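Report on the structure given below.
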Amino acid sequence: MIAERIKMLRENQHLSQTALSKRLGITRSSINAWEMGISTPSTTYLVELSQIFHVSIDYLLGLDKNVSLDITGLDTEQVRILTDLAEHFRKEKNVK
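Using full-length UniProt numbering, you'd call the opening residue of the sequence shown number 1 and step up by one each time.
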């Protein structure tokens, strides 16, 4: 679960494994090993990953199915649009 989450979050932020490894101060092969499920990040790196990706550690570990979205700096109308879009996707998923 954590392997897929790290890869998905990294790709969603358009970060390469190399770019993420530089932000964390580790090797690219360490990121690759996490994403392949060969190894898992230490507690320290879980905290750093949660801060980089703006998600909870529980989400990274697969304990929480909810992902949060940082809406800091958005106005009321922009927040309403995002809320409406999320609701649209929920309804669309239930129709299929």
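Beta carbons are placed, not taken as given, at the ideal position from N, Cα and C, and that holds for glycine.
Only a predicted model underlies this, so the values are computations on that prediction, with no experimental measurement involved.
inquiry  = Please state whether the Cβ-Cβ distance between R5 and L46 is less than 8 Å.
reply    = Your numbering for residue 5 matches position 5 in the sequence shown. Your numbering for residue 46 matches position 46 in the sequence shown. Cβ distance not < 8 Å, so R5 and L46 don't count as in contact.
task = Verify whether the separation of the beta carbon atoms of V67 and V55 is less than 8 Å.
result = If you number the sequence shown from 1, residue 67 lands on position 67. If you number the sequence shown from 1, residue 55 lands on position 55. Yes, they are a contact pair.
key: Alpha-carbon spacing of I52 relative to S39, whole angstroms   = By one-based count along the sequence shown, residue 52 stands at place 52. By one-based count along the sequence shown, residue 39 stands at place 39. Across the structure, I52 and S39 are spaced so that their CA atoms are roughly 20 Å apart.
query = Which residue's Cα is closest to the Cα of T44: G25, G62, N32 and M36?
reply = Locating residue 44 in the sequence shown gives position 44, counting from the first residue. Out of G25, G62, N32 and M36, G25 has the C-alpha closest to the C-alpha of T44.
inquiry  = Using 8 Å as the threshold, is the C-beta distance between G37 and A3 below it?
reply    = What you label residue 37 is simply residue 37 of the sequence shown in a count that begins at 1. What you label residue 3 is simply residue 3 of the sequence shown in a count that begins at 1. For G37 and A3, yes; Cβs fall inside 8 Å.
message = Assuming M1 and G62 are in contact, meaning their beta carbons sit under 8 Å apart, how far apart are those beta carbons, in whole angstroms?
response = Locating residue 1 in the sequence shown gives position 1, counting from the first residue. Locating residue 62 in the sequence shown gives position 62, counting from the first residue. At roughly 3 Å, the Cβ-Cβ gap stays under 8 Å, so M1 and G62 are in contact.
inquiry  = Can you tell me where the alpha helix (DSSP H) holding S29 begins and where it ends?
reply    = Translated into the one-based positions of the sequence shown, residue 29 becomes position 29. S29 -> alpha helix (DSSP H) spans R28 to M36.
query = alpha helix (DSSP H) containing K22: first to last residue?
reply = Counting from 1 along the sequence shown, the entry for residue 22 is found at position 22. First-last of the alpha helix (DSSP H) with K22: Q17 to L24.
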